[in-house]
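Residue numbers (the working numbering): 424 to 659. Data block below; observations after.
So, in structure tokens, the structure goes:
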């Protein structure tokens, strides 16, 4: 006696096995960051082009700092005034020519003006956005000469000197779920690259019975483009 439902289940099971045999992967940059403005100002022309490599600490984006420079000069002048006033009150107190209250008041004003000066200095320094790591400019989110507010995204950068190939592999395959094991991948353009398993998800997908792994691939020669796709080679 034939059971149509059983036939369907067998076909579906075979289809799942076939799909699992072909493991697709996408190569992502090892690091990526979206840099935002910390001050309200006007974005000046960027000195780096899309795709151009830069070193760590490079000045990526500059803001118009004229207003913030004036604020810092004003805050510094106020601090110097209150500092001199405090020193004067201290000398007077030593000679009993003023009260403790007046000395404490002068000290408080000095400390408050010092905090204001330091805050103005931080805002002035925030007019220059530097690269937290060496990489490439991937996208300019804000247009040049546009006025931005604190927190507004300016640009996106990536570090593609190392790539991470992300894929889902059978949870029961110990060879593909052990950190440090070598892995080979055939890119869609036919090239074969290799790397080592860098991360393994601690939790399997209950729907597919797979674990997500990340394979670290050396790309210091910039031969592979981030976002490339490929297929896992099982005969390793």
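Here a beta-carbon is modelled for each residue, glycine too, at the ideal position from N, C-alpha and C.
Cβ neighbour criterion (16 or more within 10 Å) applied to residue i
{"i": "residue 535", "result": "exposed"}
{"i": "residue 619", "result": "exposed"}
{"i": "residue 427", "result": "Low confidence applies to residue 427: its pLDDT is 47, below 50, so where it sits in the model is not reliable enough to give any reading."}
{"i": "residue 473", "result": "exposed"}
{"i": "residue 643", "result": "exposed"}
{"i": "residue 573", "result": "exposed"}
{"i": "residue 434", "result": "Reliability fails at residue 434, whose pLDDT of 40 lies under 50, so the model's placement of it is uncertain and the value that follows must be treated cautiously. Answer is exposed; the Cβ neighbour count stays below 16."}
{"i": "residue 661", "result": "Residue 661 falls outside the range modelled here, since the chain spans only 424 to 659, and no answer is possible."}
{"i": "residue 429", "result": "The predicted position of residue 429 is uncertain, since its pLDDT is 40 and thus under 50; a value taken from the coordinates is nonetheless stated next. Classification for residue 429: exposed."}
Inter-residue Cα distance where the pair is residue i and residue j
{"i": "residue 637", "j": "residue 585", "result": "12 Å"}
{"i": "residue 489", "j": "residue 510", "result": "32 Å"}
{"i": "residue 601", "j": "residue 463", "result": "48 Å"}
{"i": "residue 540", "j": "residue 654", "result": "57 Å"}
{"i": "residue 570", "j": "residue 549", "result": "15 Å"}
{"i": "residue 447", "j": "residue 629", "result": "19 Å"}
{"i": "residue 575", "j": "residue 565", "result": "8 Å"}
{"i": "residue 652", "j": "residue 614", "result": "11 Å"}
{"i": "residue 530", "j": "residue 579", "result": "45 Å"}
{"i": "residue 621", "j": "residue 596", "result": "16 Å"}
{"i": "residue 545", "j": "residue 501", "result": "17 Å"}
{"i": "residue 452", "j": "residue 491", "result": "36 Å"}
{"i": "residue 505", "j": "residue 538", "result": "12 Å"}
{"i": "residue 577", "j": "residue 456", "result": "11 Å"}
{"i": "residue 604", "j": "residue 581", "result": "26 Å"}
{"i": "residue 647", "j": "residue 497", "result": "51 Å"}
Contacts around residue i, its chain only, beta-carbon distance under 6 Å, and the 5 residues preceding and following it disregarded
{"i": "residue 478", "result": "557"}
{"i": "residue 612", "result": "none"}
{"i": "residue 656", "result": "607, 609"}
Same chain only: Cβ atoms within 7 Å of residue i, ignoring 5 sequence neighbours per side
{"i": "residue 513", "result": "526"}
{"i": "residue 485", "result": "467, 550, 551"}
{"i": "residue 568", "result": "465, 466"}
{"i": "residue 480", "result": "553, 554"}
{"i": "residue 598", "result": "604"}
Pick from the options that is closest to residue i, judged by C-alpha positions
{"i": "residue 562", "options": "449, 655, 471", "result": "471"}
{"i": "residue 449", "options": "464, 616, 475", "result": "616"}
{"i": "residue 640", "options": "454, 446, 445", "result": "454"}
{"i": "residue 649", "options": "574, 629, 575, 560", "result": "560"}
{"i": "residue 458", "options": "542, 482, 598, 613", "result": "482"}
{"i": "residue 533", "options": "515, 495, 503", "result": "503"}
{"i": "residue 645", "options": "583, 564, 461", "result": "583"}
{"i": "residue 469", "options": "531, 487, 456, 519", "result": "487"}
{"i": "residue 495", "options": "599, 518, 542", "result": "542"}
Close beta carbons around residue i, own chain, < 8 Å, minus the five adjacent residues each side
{"i": "residue 475", "result": "559, 560"}
{"i": "residue 522", "result": "516"}
{"i": "residue 508", "result": "529, 532, 533"}
Check: residue i C-beta below 7 Å from any heavy atom of the ligand COA
{"i": "residue 583", "result": "The ligand COA is absent from the structure shown, which contains no ligand whatsoever."}
CB contact check: residue i to chain B, cutoff 8 Å
{"i": "residue 604", "result": "Among the chains in the structure shown there is no chain B, since it carries only a single protein chain."}
Between the region 591–598 and the region 623–643, do three or more beta carbon pairs fall short of 8 Å?
yes
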